[in-house]
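Chains as they are written, first to last, in the working numbering: chain Y, 1 to 345; chain Z, 1001 to 1345.
Please read the structure below before turning to the comments.
Number of protein chains: 2
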Amino acid sequence: MTAVLDDRGAQVLRLVVEDYIETAEPVGSRTISKKMSQALSPATIRNIMADLEEMGYLCQPHTSAGRIPTGTGFRYYVNYLLARRQLASSDRDLLQKVTGEGVVGADEVVRHASRLLSNLSRHACVVVISRFSHQALRSISLLRASTDKILLVAVLQGGWVQHRLIEDEPGLATDELEKINSYLNEMAVGLTLPQLRMRIMNEMRKEKARYDRLMRKALMLGSKALAESHPGEVYIEGRANILEQPEFVEDVQKLKRILHAFEEKNVILRLLDSALESEAIQVSIGTENPVEGLPDISVVSSGYHQGESAMGSIGLIGPVRMDYSRVIPLVEYTASLLSSILEHR
Amino acid sequence: MTAVLDDRGAQVLRLVVEDYIETAEPVGSRTISKKMSQALSPATIRNIMADLEEMGYLCQPHTSAGRIPTGTGFRYYVNYLLARRQLASSDRDLLQKVTGEGVVGADEVVRHASRLLSNLSRHACVVVISRFSHQALRSISLLRASTDKILLVAVLQGGWVQHRLIEDEPGLATDELEKINSYLNEMAVGLTLPQLRMRIMNEMRKEKARYDRLMRKALMLGSKALAESHPGEVYIEGRANILEQPEFVEDVQKLKRILHAFEEKNVILRLLDSALESEAIQVSIGTENPVEGLPDISVVSSGYHQGESAMGSIGLIGPVRMDYSRVIPLVEYTASLLSSILEHR
DNA sequence: AATTAGCACTCTGCCTGATCGAGTGCTAAT
DNA sequence: ATTAGCACTCGATCAGGCAGAGTGCTAATT
């Protein structure tokens, strides 16, 4: 099926894809004929297109309409034919403004970037921050929040702050809390959260033999706070952009499915999951994407990192008929920009 | 124009509104005639409807179609005709689940409620938490976040936690920070954030005369952290529900405007602003709502409070053709539920 | 052997006119 | 004051016709 194409076939496929990306209409042989570098008549193009259809790269919505690329066609295009366009310097400049003044917290940076990217690309932009847990703890503090609640504040390497409320029966004096605090800090600093959890588990086992009440309490509070791991933050910007796409506006069912997906955090997480670990950009086209029930969207995503470790991923969600040659460099650049901004914190 | 109606006129208006809410189609005289308690022929109904049209309560999309209520018509209906339906006990039960187990933080409660309300009503639900600043501080803590950043964590009365990063040149020893901490706490506890800001401003003026370096530092950090006031959190759930409404699906322009509004925090804040202070439910119909450019939506909202002071508001956003008799009790009950849950924290 | 001109064919989009039905407004009868 | 009757209007729906875009196939051309 997905054989390698000769030069002409490749050029025709490329032109069909690009025209379809631009117009969202089926593309006819005449149109391609005019665009070909080598002058060929529509009739010849028709033959070539028929071949491409046989190979599964194109299809016809109905007899005697032009052709549109299939998922496989887009895939071939992205893999082999895409002329990676240079990022416009204006776009680059604009994006660099994420480093703007008032932005202090790391998650503000990420959010900012997402908003910008959605504006530039005219697609919905999703950022996931899911790897807090890979960052080492810089400090951990327990604060009294109310008589029966304690607040744990964790500051991670690189500007991330997380807090959690823990329920606890009252009866802990302030100085005791402080003691517990320093116990925990001693144990925690330099570890990642999962490492800390492990450590606490171990200590708890040992601690049965010892009799330090506060130490036991410290371990207990720690394990409570770390009981469920944090699934990660998801921010979506530019949802309204999906209405720019005629294919979505014309089909309310698709629209519904997409908007619903946006409301489910874990759907989004699954969509961007594969991008997380790798540096390279990921493109999943239509049915390729890991979420069933969303066969009409493509996701272009890339992980970003902080120092050595992966932090999360950023991606654009749009129709299969995306302008990959523009969108891929955009996402790529934004992700690397994020990484470099986050590095210096 | 908006005169008081006699019994018959009122009943006709009510029936038209209710039928239109149900069907989203223009309502004809025959339909009303059949539904009237007092048996009247379509012809008579037509006369009455013509009167109602003259008074501005109804209008015809075109000659020889049925009639639909105008904004004023809906307003009259909501003010005088609405039979406030009892809340289904199943709905009530479901809503009470917000008190469910694992929910510890106050904002989780709020979010939970919002999600439930959007599911029950099949509309988009918005919650605003904007009155942190009315809550007294329970404690305030400064933590070292990195060499040049300090984290301020404020725990407010009633389970709200806020943190802010402040940039600061390095050079503060840990014990100095702790000293500053206790200065601030002494000053802050029991005050609201704006009160604290005021107080700090005052102290700063006085402090010029004195020479305590740390105290000055404390004031400086405090004023930095409180420089811009927190605008408030906005959560929106059930955006996809707006696609349930035929009037929005048929007109992409409306859809775009609404989705865009959802992306602008301050638009949402303005929409729900009036509900904030008052206990009573607010209904703003179509062009009545405080945001221009959204003449096709209605907002049903209510403030919720914590103890004495207003905390925020919760509301549903839907088409003008909303089922007010169902939606109003829903919002009302949810708001009061929120208030009572928040009270006990 | 590859390309292309020519042609018949198919399908969509769009316009037109006809018909149907729902609903109205008016008038005259009750 | 109410209503029956009637003419009228307008939207929705459907069939028919036409134009245009595009195809596939075949036979001629290079």
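Every residue gets a Cβ at the ideal spot worked out from N, C-alpha and C, and that includes glycine.
Asked	Found
Can you find at least 3 beta carbon pairs, one from the region 1184 to 1195 of chain Z and one from the region 1218 to 1232 of chain Z, that sit closer than 8 Å?	yes
In angstroms, rounded to a whole number, what distance separates the CA positions of residue 128 of chain Y and residue 1053 of chain Z?	53 Å
Specify the secondary structure class of residue 1147 of chain Z as computed by DSSP and reduced to three states.	coil
Take residue 60 of chain Y and list the residues in its own chain whose beta-carbon comes closer than 6 Å to its own, dropping the five residues that flank it on each side.	67
Going along the chain, which residues of its own chain have a beta-carbon closer than 6 Å to the beta-carbon of residue 140 of chain Y, five neighbours each way excluded?	154, 184, 185 and 188
Out of curiosity, what's the CA-to-CA distance linking residue 233 of chain Y and residue 256 of chain Y?	23 Å
Residue 1124 of chain Z versus chain Y: which residues are under 8 Å apart at the beta carbon?	The premise fails here: residue 1124 of chain Z is roughly 10 Å from chain Y at the closest Cβ pair, so nothing lies under 8 Å.
Three-state secondary structure (DSSP) at residue 194 of chain Y?	helix
Pop quiz: residue 350 of chain Y and residue 302 of chain Y are said to be a contact at Cβ under 8 Å. What is the actual Cβ separation, rounded to whole angstroms?	Given that chain Y is displayed from residue 1 to residue 345, the structure contains no residue 350 of chain Y and the question cannot be resolved.
Could you check whether the Cβ of residue 111 of chain Y sits closer than 9 Å to any Cβ belonging to chain Z?	no
Does the ligand NAD have even one heavy atom less than 8 Å from the beta-carbon of residue 294 of chain Y?	The model on display carries no ligand, and the ligand NAD is accordingly not part of it.
Of all the CB atoms in chain Z, is at least one closer than 9 Å to the CB of residue 163 of chain Y?	yes
For residue 1023 of chain Z, which of Z:1298, Z:1315 and Z:1247 has the nearest alpha-carbon?	Z:1247
Measuring only between beta-carbons, confirm whether residue 166 of chain Y sits less than 9 Å from chain Z.	yes
Look at the alpha carbon of residue 1200 of chain Z and the alpha carbon of residue 1192 of chain Z, and state the distance between them as a whole number of angstroms.	12 Å
Straight-line CA distance for residue 1276 of chain Z to residue 145 of chain Y?	26 Å
Starting from the N-terminal side, write out each stretch of the beta strand (DSSP E) that is 3 residues or longer and does not extend beyond the region 44 to 105 of chain Y.	none
Any C-beta of chain Z sitting closer than 9 Å to the C-beta of residue 132 of chain Y?	no
Taking 8 Å as the limit between beta carbons, can you name the residues of its chain near residue 249 of chain Y, skipping five residues before and five after?	243 and 255
Residue range of the beta strand (DSSP E) that residue 288 of chain Y falls in?	Neither: residue 288 of chain Y is in no beta strand (DSSP E) and is coded neither H nor E.
Can you tell me which of Z:1290, Z:1044 and Z:1323 puts its alpha carbon nearest to the alpha carbon of residue 1082 of chain Z?	Z:1323
Short of 8 Å Cβ to Cβ, which residues in the region 244 to 276 of chain Y face chain Z?	249, 252, 255, 256, 259, 260, 262 and 263
Pull up the distance between the alpha-carbon of residue 1012 of chain Z and that of residue 1074 of chain Z, whole angstroms please.	13 Å
Against chain Y, does residue 1232 of chain Z count as a neighbour if the rule is that its beta carbon must be under 9 Å from one of theirs?	no
Just the Cα atoms here: how many angstroms apart are residue 358 of chain Y and residue 1195 of chain Z?	No answer is possible for residue 358 of chain Y: the residues shown for chain Y start at 1 and end at 345.
Which whole-angstrom value describes the C-beta separation of residue 1151 of chain Z and residue 161 of chain Y, a residue pair presumed to lie in contact below a C-beta threshold of 8 Å?	6 Å
Would you call the region 1335 to 1342 of chain Z in contact with the region 1299 to 1314 of chain Z, where contact means no fewer than 3 C-beta pairs closer than 8 Å?	yes
Note down, in chain order, each residue of its chain lying with its Cβ closer than 8 Å to the Cβ of residue 1166 of chain Z, except the 5 sequence neighbours on either side.	1149, 1150, 1151, 1152, 1221, 1224 and 1225
What does residue 1312 of chain Z pair with, by DSSP beta-bridge criteria?	Z:1129 and Z:1304
Tell me, to the nearest whole angstrom, how far the beta carbon of residue 1112 of chain Z is from that of residue 1103 of chain Z; I am working on the premise that it is less than 8 Å.	6 Å
Return no unless some Cβ of chain Z is closer than 9 Å to the Cβ of residue 46 of chain Y.	no
Should residue 1155 of chain Z be flagged as near chain Y, meaning a C-beta pair shorter than 9 Å?	yes
Jot down the residue ranges of each uninterrupted beta strand (DSSP E) in the region 166 to 238 of chain Y, minimum 3 residues, whole runs only, in chain order.	233 to 237
Going along the chain, which residues of its own chain have a beta-carbon closer than 6 Å to the beta-carbon of residue 28 of chain Y, five neighbours each way excluded?	66
Among Z:1325, Z:1344 and Z:1343, which residue has its Cα nearest to the Cα of residue 1079 of chain Z?	Z:1325
Starting from residue 272 of chain Y, trace the alpha helix (DSSP H) both ways and give me its first and last residue.	265 to 273
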